[in-house]
Amino acid sequence: MSDVNIVTLIGVALLLVGFYGALSRPNVIKMIVGFAIADTGVNMIIVAVGYLPGRTAPILDSAADAAGAAARMVDPIPQALVLTAIVIGLAVTALMLSFAVRMRRSGGGMAIDSYGEQKW
Amino acid sequence: MVTPLAIFAAFLATGFLLPLADKLGRRVSATLFWALLAGFAGLAAYYLASFVAAPGTLEIYTGGFEPPLVIALRLGLEESAALAAVAAVALLAAFSMRKALHEAPVSGMMTFLMLVMGLSGLVLTRDLFNLFVFLEISGIAGYALLGFDDRRLAMSAAFKYMVAGGIASAAYLVGVIYLYRLTGTLNLDLMIGSAGLEGAAGAAAVFFVLAALLVELKPFPANGWAIDAYEAANPGLGALFSGAQATAMLFALYKVFPLLSDAHLAVVMWAGIVTFAFSNLVGLRQTATRRMFGYSSAGQVGFVAAALAFGARYVEGSDFAWLVAGGLLVNHLLAKTGLFLLSAAFESDGDGSMKGRPGTLVAAAAGVLVAALVGLPPFPAFWAKWDLVRVALATREYAFVALVGAGGLFEAWYLFSWLVRLVKGGADETPEAAPVPVLRVGADGVGPVLAALGIAALGGLSAWTRGFTDPLFWAPLAGGLLFLALDRLPGKLKALLATAAIAAFGYFALPSMSEFQKLFALMILGGGALHAFAGGYLTGRRAGHFPLYVMTVLSLGYALVAESALGFFMAWELMALGGYFLVLQGAKGRSASMIYLAFSIGGAFLMMAGLQLGGGLIGGAAPSPAALALVGLGLLAKLGAFGLHVWLPGAYAEAADDFSSFFSASLSKVAVFALMAALAVFGEALPGGELAWRVVGWVGILGAVLGALAAIFQEDAKYALAFSSMGQMGYVLAALAMRDQMGWTTALYLAATHFLYKGMMWLSVAGASLRTGTRTMYLMGGLIKRMPISFVSFLVGIIALSGVPPLTGFGGKWLLYHSLIAKGWYFEAAASFLASGIAFLYLYRMIHSIFLGQPKDEHRTVKEAPFWLVLPQLLLLVAVIAFSVFPRLILDPIMAVVGARYPAAGFAFEGQTLVSSLGYWNGLLTIVVVVVVFVLTFIWMVMNLRKPRLVKQFNIVFAAERPFRPETTHFAFDFFAPYRRALGFLVRGRSEKAWTAVAGLATSVAGAIRRLYTGNGQTYALHVVLYVGILYLFLGVR
């Protein structure tokens, strides 16, 4: 099994793109989008780790029965984990967005540097 | 035993039920909320009690399978202790937030419950992915709670927090998934020791998990977001973050330790201790309370993490983690929770201004919390620090020890400054302002007091389990508490009771003392009892004075008899703490007490390091020059040796008058005692050999010269006496540095007689300033007729000090010159002769300005000092006379003590005559000669008087001038102006300037560093990313 596959590479790329966005765009919404992209990247890395070449999806159907599952399926654990990670990522993104909206309503700007009253 | 899974079930069920229950009314939902929290706390307490009674662990496999198929939880002693901590803080925090929680939508309470549940999950789970889930649950709940009351600052802080948390989550997930890939499991216990962890990939995967947990612990400098969150949060929530969340996160970190290599652990250790030192450094610049507490929290959590990693690297077994990291952690969480709640009760907006000052009980609680956080005895952090420093020195992690010391000093400075603002009210030194009213906080005071009680109980338990079961050890604390309980009694009654308490301590302690200890017990406990009695001279209750005074004196007493270095050190710190509060009680004691505190804490840390280097146990220690040097430096700071004396004048002068007297006459002697004891234990060798001792001698002599010189220019009687004390202790130090029979005899004799005459002088001045209402000498004058006993006492005091025959001072000077010359220290002898000459000047000035000359109009009806002051002076006076006439009374015990260490050489008695190689001295003969000369000249004068007549005060017309006000006939202001012009340049406070520069440097560095905290969430995110990168480099370089 190869340590590097195309999904991992794309995942890492998305992670870096997302972080770059979050660190370089002053717009709060764009920062959140950056984090969402990074989350997706992480999720892809997770899925990629469970991937085994030439195997099928971890679903008991005609492609893999209970007896041969272990030999014919990819690792199901990362796929289960990624579901949790997606849900959590969604919750965090939603919370960030709601804070962004309320910060805007409380009179702040759209740029992160308009919230620097607390410092030092 | 109830399965801990019930915790999650109960929290989730209640969380879902709350909105329904809220439809029936807020009362119903609130009841449900409180019932759950209380039940959780009860369950945690039950777990803890069960595991204390029967150690073991409970492994819980969800779903009925075994790992790796299912998520496993573990409950054992450590987990239940952490759960109990989370529950306790949650209850206190919720109680403090009760108003906000009840007023906000019900989702506030739901979120609070989810946060607590998430933290419990962090403690219990043994599954790395599950850990991530609980990390996120508690994280999301925390972000939401931060912003739940809709303040813009809080929301932007929460957003910054989320940004940092998002980066940490990504790192954690990537790390965990690769750990899974490498080891084939997510279960921590199965992962430990797995072959997959070895190699670069394993190390990198572990590093990502570790880095995420570290970032969540808010390390310096990647913690701007956390500081903002602490500042913006509701103080109750701040307590929850600082206490409960930090505990759970530290526990999570501790859990993954078995996965870590030594290089990983080193990263944790250094990241933690650097956070401790630098967060506290930056904290120096804070006045906004909650932001300051934020820096302190980040620092403390870093300290605990560092201690955990240190233990994992260097110490076998889990006891170290329990005692040291556990002690530090529980200390921090209780103290910081209490402080956040105090700030909630007393501050309106967190900018440092107080709504009022607390009553005695809450003030005492505040003092306990601050002292505990700073690591003073008898609280848990004190014991933990002691052990940590011992092992760190043994493993030669000197930089680590230095960072521990520096961080502690910085933290002490700003926390005690805050405490002063709290208990004295007002922002800065405003003694003239109207007294700040006491704010009755009612129920809001319950949390801090409970936290203080808890921390005190745990501290007591720590001491007890370390084998301190000696009643004398507990006497200072018990005495302090007793007098706190009696604080409502009248002051005079308490003075008598305090005298009795100190006498009782002496009665029980004396039988086990050596002659050497008894000599100092006379000065310290005898002086303590005398000054306790003198404490009755003020009318009123003197609220808070006697608890502190009794605690201080009895700690000094215990310091004399302590059998272990730890016992001695604990008494030493307790004494410093008591002294600090007593100075603070003075009307203008603020800045003086802070400087005193800084030198005490700094000196004490050096001393602790020295004691540890020297082997820890008095008696079992090996000679060690480095140990002696460190301990000696700490002691010289307490002695007020030249260069380290800058705290001394202010502290002596600004304390209450009776305590000033005790401070100078008695307390300063404990440093002499400890120096002599340290030489006995650690040997006489200093790094640098004989030259170093010569330098010490010169430090003493310079103190004598410059102390005396500074004293002559003071207008304030107490400052004059304070500088005088500095000078006198300088002689003692010089004599000590000689290290031979003559030198030590001199040192002990000078110390003992200084105790006698300086006590008389201080008390006499206390009476004069009580009656005249001023300490400024030129505002007094002519008190001789109104206060004759005080005058006589002062007169005898100055004769005894000055060294003219016939009183004890003459003997002191005789001994000093003889021993200096015999030692071959001729220049020192000359300089001390000069210092004695200068001493005449200030002594003359003092008696002239206060008691002689013309009385002021407004002082024509003043009365003699109260009996409470007069009696101690008379007792001291009798002692001075007795020791003058029969020097053997005091010199025999001294020479016996010295003889046990140094063979008799130089000084020996022949009958009543003390003989040295240079001459002899007979005290009785000296008295007789002086009296005969005096009587003869007096008779001669009387016989030669021609028509003497008494004149009225203003009848000085023969001077061709008719003054109308007494002031103009009594020259007292700027008395030594010509000398000031000639010699003033010598006493322009260079030491003060040097130390001010050091302090200025620290605050400038702090000011520069905190520019990192720009307030921009994106910059903070960059800090986090860079921090993780840099830590990775450190890992790679090793």
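Taken in sequence, the protein lines are chains A and B.
For the first sequence, my numbering assigns the number 1 to the initial residue and increments by one for each residue that follows.
For the second sequence, my numbering assigns the number 10001 to the initial residue and increments by one for each residue that follows.
Cβ atoms here follow ideal geometry from the backbone N, Cα and C, with glycine treated the same way.
Asked	Found
Using 8 Å as the cut-off, can you tell me whether the segment 10546-10561 of chain B makes contact with the segment 10512-10525 of chain B, which would need three or more C-beta pairs spanning the two stretches below that distance?	yes
Based on Cα-Cα distance, which residue from A10637/B, A10685/B, R10440/B and G10536/B lies nearest to A10627/B?	A10685/B
Where DSSP assigns a beta bridge to V10438/B, which residues make up the other side?	R10357/B
Where in the segment 10634-10660 of chain B do unbroken runs of the alpha helix (DSSP H), each at least 4 residues long, occur, reported from the N-terminal end onward?	10648-10654
Using a Cβ-Cβ cut-off of 7 Å (strictly less than) and excluding sequence neighbours within five positions of I86/A, which residues of its own chain qualify?	N43
Excluding sequence positions up to five away, which residues of its chain have a Cβ less than 6 Å from the Cβ of W10647/B?	I10595, Y10596 and F10599
For a cutoff of 7 Å on Cβ pairs, would you count A10594/B as touching chain A?	According to the sequence shown, residue 10594/B is Met rather than Ala. With 7 Å as the cut-off, M10594/B does not count as an interface residue toward chain A.
With a threshold of 8 Å, are at least 3 pairs of Cβ atoms found where one atom belongs to the segment 10041-10054 of chain B and the other to the segment 10166-10175 of chain B?	no
Excluding five sequence neighbours on each side, which residues of the same chain lie with their C-beta closer than 8 Å to the C-beta of G10697/B?	L10733, A10734, A10737, M10738, W10825 and E10828
Taking a cut of 9 Å between CB atoms, which residues from the segment 14-29 of chain A lie near chain B?	L15, G18, F19, A22, L23, S24, R25, P26 and V28
Classify N10944/B: buried if its beta carbon has 16 or more other beta carbons within 10 angstroms, exposed otherwise.	exposed
Using a Cβ-Cβ cut-off of less than 8 Å, give me the residues of the segment 88-119 of chain A that come near chain B, in sequence order.	I88, A91, V92, L95, M96, F99, A100, R102, M103, S106, G107, G108, I112, D113, Y115, G116, E117, Q118 and K119
Just by C-beta distance, which residues in the segment 63-78 of chain A are closer than 8 Å to chain B?	I77 and P78
What three-state label does DSSP hand F10682/B in the structure shown?	helix
Return the Cβ separation of G10730/B and G10759/B in integer angstroms, given the expectation that the two are a contact with Cβ distance under 8 Å.	In fact, because the Cβ distance is near 19 Å, the residues do not count as touching under 8 Å.
Please name the residue in I10939/B, T10499/B, R10396/B and A10305/B whose C-alpha comes closest to that of G10526/B.	T10499/B
With 7 Å set as the bound, which would you pick, yes or no: does the beta-carbon of V7/A sit closer than that to a beta-carbon of chain B?	no
D10387/B: buried (16+ other C-beta within 10 angstroms of its C-beta) or exposed?	buried
Let me check understanding here. Comparing Cα to Cα, which of F10159/B, S10029/B and V10070/B lies closest to G11017/B?	F10159/B
What in chain B is Cβ-close to I46/A, meaning under 8 Å?	L10173 and I10177
State buried or exposed for L10101/B, treating a residue as buried only when at least 16 other CB atoms are found within 10 Å of its CB.	buried
Closer than 9 Å, Cβ to Cβ, to anything on chain A: give me those residues from the segment 10667-10680 of chain B, in chain order.	none
Mapping DSSP to helix, strand and coil, what is D10974/B?	coil
So for Y11013/B, helix, strand or coil by DSSP?	coil
Use the C-beta contact count for E10432/B: other C-beta atoms within 10 angstroms, 16 or more gives buried, fewer gives exposed.	Bear in mind that a pLDDT of 49 at E10432/B, under 50, signals an unreliable position, so the number given afterwards is only what the model happens to contain. By the 10 Å Cβ count, E10432/B comes out exposed.
Can you give me the start and stop residues for the beta strand (DSSP E) that F10909/B sits inside?	A10908 to E10910
DSSP puts N27/A in a beta bridge; with which residues?	A111/A
May I ask you to report which of helix, strand or coil DSSP gives G10076/B?	strand
Are there 16 or more other CB atoms within 10 angstroms of the CB of F35/A, so buried, or fewer, so exposed?	buried
In the DSSP assignment, what are the bridge partners of L10914/B?	F10909/B and W10921/B
Output yes if chain A places a C-beta closer than 7 Å to the C-beta of I10140/B; else output no.	yes
Since T10062/B is in the alpha helix (DSSP H), which residue starts that stretch and which ends it?	Note, T10062/B: premise wrong, no alpha helix (DSSP H); not H, not E.
Is L81/A close to chain B, meaning its C-beta is less than 7 Å from at least one C-beta of that chain?	yes
Are A10211/B and A10171/B close, meaning C-beta to C-beta below 7 Å?	yes
Would you say the segment 10150-10159 of chain B touches the segment 10116-10125 of chain B, given that touching needs at least three Cβ pairs under 8 Å?	no
By the DSSP assignment, the alpha helix (DSSP H) with Q118/A in it spans what residues?	Careful: Q118/A lies outside any alpha helix (DSSP H) and carries neither H nor E.
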